[in-house]
Structures are given as C-alpha cells and as structure tokens.
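Contents: one structure, followed by commentary.
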C-alpha cells in the first residue's frame, strides 16, 4: 500500500521533472543541433498522437497519415507564401482543411474493414503525395516550396530564435497531449476502445460505429494538420516527400516503439527513435536495418511498446506487493472467493 | 404489440435461411423460438436485432418500421440482445463492460470530453450508477473489478445478459442463454429471466433445453428449414404433430 502510494507520488514527481526538463532544455542543450532534433521530434510526435488515436485506441490502421501531414504543411505553407496570411491564420485553416479532407476520406474508407481499409488508406496517402508532386503550378512540384515565413510575432513575443520556436512547438505538443488524454479517458475514448475490441458488439449496444470512427479519424487528422503546419513554418522548405508513405511508416515505427494506446507512448517513441536516427547518421541508409531488428524485438516481446512494457512491469510489482500484504495479515481470501462463486442470481 | 414481422425473408446465396416468417411479440410475455439445428432461429434473431439486413419483408417495433435501419438504431429503439457465443469486451473489466453498454443513452461528445464539462461528468456518473444497478441485478457486484477473462463461464453469460440490459431495452433477445451451463446454473438462469420479465421487459429466447422452454415460455414459435411450422402455448406445441415430426424426429414419444 505504502509502495503503491509512493508509486503515485513518484509518478507526479516524474511528470514535474519531465516538464521542468522540457522547459530547461534550450538552456542545457549542448548545441543548437540537438535543439533542432528535439523540436522536429516534438512536431512529429503531435502527428504520432493522431495516429495513436486511430491505431491504438480505435484499432484501425490508417496509412494515409503522411498524406494528411503533407496536406497540413502545404496548406499552411501556400497560404502564407502566396496569400501572405499570418501563421496564426494559416495554421488553423490548415488543420480544418486537413480534417475536412480526412472526413471525406473516412466516409469512403470506413465502408471497408480490416486489410481493405489499410490498403484504401495507403492508396489515399499515395494520391495526396502524387497530387502535391505533380501539381507543379501550385506546389512547385519536386522543386518544392522555398521560404515559408516564420510565425509572426504576437505582441512582444517573437519567433525568430530557435529557442522561441522550440517553446512554440512545445506549447502545441502540451495542448495535444492534454486534449488526447482528456478524450481517451472519457466515455468518448471508451467508445473508441469498444470499437477496437468488437465492432459488432458496440453496434449491438447502440453505438453508432461509423460516427465514432469518423470522429476519431477527424481528431487525428486535425492534429496531424497542425503538425504539418508547424513543420512548414519551422523547416521553411517543403518538398513533396513529406507526404510520402515512408513518413507514415516512420510515424508507425515511433508509435510501436513508444507504445500504442498509451498517453506517453507517442512522445517517448518519437524522441527515442529520432535520437537513434540522428546518432546512426554515419550508417546512412543502413540504419533502417537497425530499426528493422528493433521493431521485430518490440513487436515480438513488447507488443505494448516501451511504455506498455513499463506499465505491465509496474502492474506485476503491485500485484506482488498486494499478495505479500495479504499473506502477511490474514488468509481468508480463498474462502471469500469461494462464497462469492456460490452466490446465486438473486 | 411490441414487435411484428411480415413475410420476413433472408437468403444466403442460394440458401433460403428464413422464408416469409410472420410473427408477433406481445408486450410483457416470454416467447421462445425452437427448432432443429439450422432451422433459421439465429438468422431470425439477427434480422430482428438489425444485425443482418433482411432480403424482403417488414419488421416493425412499437409501431415503427425498422426495415433497413442500421444495427445501432435497433438497440437505441429498445431491442437488446445476447449472442450464442458469449460476446463481451474481453480487454476490459466487468464494470467497464457495463459502463460502455450505457453509452448510447449518454449524450456527451468530444468537446464535453476535452473541456470536462458538467454534462461529461454527469454522463460519467450516470453510467457508473446504471452499471452498478445492473451489477446488483445480475449478481456480479463482487467481481466488478475483475477482467472479463478471469470470471467463470456462467458469470460471463450473466454479464452478457447484463450488457444487453444496460441499454434499457423494451425487448430482450437471448440466443441460447443456457448453452454450456449445468443443471443448477440453469435453474438460476430461469430465475433471472423471470426477474427480467417481472421488471417489465419482454423476453424472446432461442433455446434447446426443452424442459426449460416448456416451463418458462408463455408462447413458442417453431421453425424448420426457415419456415414457421407452428406457434402456440407450450401445451399446444407439445401436442402438435408437425412439430413432433420435425423436431423430435418422427416418433411421438422421443
């Protein structure tokens, strides 16, 4: 019991520590390169949170996510480059536009299930990528969009420095995590999980499965669109490859490493995997071999990812503590459960 | 009249699983559907619970035409059901199963969840309260925090009935509720079904345990090869020659 209480206490201390570390990071980061890697990691993590809602909680594997990311990035980039809109307008417009496209896509693709849904979303991702690449007059084709402006300043707050952009992205990440954790812990989140568990049973209980799937898909696309918009104003150069399927699989890799259907998973996985990617730069393309091996180990031994593995370890510890406590005090637990079993219907 | 089917038909490819079945269920009764294996009993259930679309014919529930409406609308209108193979949310606890079962009666949406509004808290509270009520009713309060995989098969059967009850149905469809449980447990189950009927819910069940059906049902419909061959009180069905021929294999006293 004391140990469990202590565990909860450590949990809050850990949250605070992570938060403090995130705030202090620009000051303790040894160089600007690390700061860039982490900022980019945060941007990707926002998109991975979206993927987590669909794959982890709703149980539907969507492979269109990089397409949505590219859609958000290009919408925001084009609006600010060609129409001169401020980042603070182009970001929400990009998020809403991405959501709208995703809802239309969802209306079609959720008519299929299982493998067919996966293939259909993969195709949609490819289509979005191709449209961006081939629509030369609008998107600049393979040359891409150059010189997307940085976010305009709000009053005295400017976003010229790397540090200020880091804090901007951090704020969006915290907002994403907050919204996601509220959703998944609510009845709405329970509805998603029930669909993951058994679509038929959920429908039999009166749950509008199509509506719930569209809702999850829309929320996910909204945050993916935000991530894309943040990317465009941070990197300031957009090429069509940001909408390519390999980015979808990278998001999926981050999610699986961190742990699907957990709140910390997307962030942990994205930061860890981007860190490994950066430290394996010298291996160039061969670094994917390392990721391949890592993915096999994770899928085979830690299907819940790193966060899932930590959780089950904690549950095991708690169980052991509880058992020790029970056997230490009194033993009638066996008799009690027997009595409970014998109780009838009334 | 609670539920009415008119010439209800279902084909699977070339096979007619259900052929022009007319049937009525009155409010407050316990009705049983019997028939040999493959007679179309479960198909009939799947049609009147909206699980499959029918090929032709009409289904009306409380005077409302339900033909062609999606599955979840049937549940929202007040038709609850269980499945032949016990169907539960296996990755959650007994209590969580019942909480999600009440979801269709709650109104909160995404924005309520994000801002944790009054409505979100009220719906959450109402779901827990309703789940607690049903736990009490089906006698599973002691195991409410157990994962579904840890409870006995008989408890899982009761939970499946509870999951249908938590949607507050007017009509409860039970597909072979007594399959795979022993004699003593069956009599407890009969008590539970009677308790459900006394609480004002109409019950319709498919069952192979004849003794149980004869004791419990007010009225019985008999299906064979997808067609209704008889309908009546248990006493009438017992004496019906066509039923004896079809169901008991041609001998009068099987």
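Residue numbers (my numbering), protein chains in the order written: chain A, 1177 to 1522; chain B, 453 to 706. Ideal Cβ placement from N, Cα and C applies to all residues, glycine included. Everything numeric in this text was worked out from a predicted model, so none of it was measured.
Quick check: is the beta carbon of residue 498/B nearer than 8 Å to any beta carbon in chain A? no
Through-space distance from residue 1486/A to residue 1478/A, alpha-carbon basis: 10 Å
Am I right that residue 1419/A and residue 1242/A are in contact with their C-beta atoms under 8 Å? What's the rounded C-beta distance? 6 Å
Cut-off 6 Å between Cβ atoms - residues of its own chain near residue 675/B, not counting five sequence neighbours on either side: 487, 491, 492 and 493
Continuous beta strand (DSSP E) stretch holding residue 1328/A: start and end: No beta strand (DSSP E) holds residue 1328/A; DSSP gives it neither H nor E.
Residue 456/B: which of 538/B, 470/B and 514/B sits nearest, CA to CA? 514/B
Where residue 1418/A falls: helix, strand or coil (DSSP): helix
Helix, strand or coil for residue 580/B, going by three-state DSSP, please let me know. helix
How big is the Cα-Cα spacing for residue 1469/A and residue 1344/A? 35 Å
Please tell me whether residue 1446/A and residue 1239/A are closer than 8 Å, where the distance is taken between their beta carbons. no
Would you decide whether residue 1413/A is buried or exposed? Buried here means 16 or more other CB atoms lie within 10 Å of its CB. exposed
Assign residue 1510/A to one of two classes, buried (16 or more other C-beta atoms within 10 Å of its C-beta) or exposed (fewer than that). With a pLDDT of 41 at residue 1510/A, under the threshold of 50, the modelled position of this residue cannot be trusted, and the question is left open.
Going by beta-carbon coordinates alone, are residue 1481/A and residue 1228/A separated by less than 8 Å? no
State yes or no: is the C-beta of residue 1286/A within less than 8 Å of the C-beta of residue 1389/A? yes
When burial is assigned at 16 or more other CB atoms within 10 Å of the CB, is residue 673/B buried or exposed? buried
Residue 464/B lies in the beta strand (DSSP E); which residues open and close that run? 455-464
Would you call the CB atoms of residue 467/B and residue 530/B closer than 8 Å? no
Kindly indicate which three-state DSSP category residue 596/B falls into: helix, strand or coil? coil
Member of 500/B, 677/B, 496/B and 608/B whose CA lies at the smallest distance from the CA of residue 633/B: 608/B
Quick one: what's residue 517/B bridged to in DSSP? 512/B
Locate the alpha helix (DSSP H) running through residue 1463/A, then write down its first and last residues. 1463-1477
Interface partners of residue 1230/A on chain B, CB under 7 Å: The premise fails here: residue 1230/A is roughly 14 Å from chain B at the closest Cβ pair, so nothing lies under 7 Å.
Tell me, to the nearest whole angstrom, how far the beta carbon of residue 1335/A is from that of residue 1322/A; I am working on the premise that it is less than 8 Å. That pair is no contact at about 19 Å.
Nearest-angstrom Cα distance between residue 1512/A and residue 1429/A? Confidence at residue 1512/A is low in this model, with a pLDDT of 41, below 50, so its placement is unreliable and no value can be given for it.
Compare the beta carbon distance of residue 1391/A and residue 560/B with 8 Å and say whether it is the shorter of the two. no
Sub-8 Å separation of residue 1474/A and residue 1432/A beta-carbons: yes
Closer than 6 Å by C-beta to residue 1507/A: which residues in its own chain qualify, once you throw out the five before and the five after it? Chain order, please. With a pLDDT of 45 at residue 1507/A, under the threshold of 50, the modelled position of this residue cannot be trusted; read the value that follows with caution. There are no such residues.
Which listed residue (545/B, 520/B and 557/B) has its alpha carbon closest to that of residue 601/B: 545/B
Would DSSP call residue 610/B helix, strand or coil? helix
Near residue 1260/A, which residues of its chain fall below 8 Å by C-beta distance, leaving aside the five closest residues on each side in sequence? none
Examine chain A for any beta-carbon lying closer than 8 Å to the beta-carbon of residue 521/B, and answer yes or no. no
Whole angstroms is fine: what's the gap from residue 1515/A's alpha carbon to residue 592/B's? Confidence at residue 1515/A is low in this model, with a pLDDT of 39, below 50, so the placement of that residue is unreliable and no value is reported for it.
Which residue's Cα is closest to the Cα of residue 709/B: 680/B, 677/B, 678/B and 663/B? Any question about residue 709/B goes unanswered here, given that chain B covers just 453 to 706.
Within 7 Å: the Cβ of residue 486/B and any heavy atom of the ligand SAM? Judged by which ligands are present, the structure shown has none, so any question about the ligand SAM falls away.
Residues in its own chain within less than 6 Å of residue 541/B by CB, not counting five upstream and five downstream? 549
Does residue 572/B pass the burial test, meaning 16 or more other C-beta atoms within 10 Å, or should it be called exposed? buried
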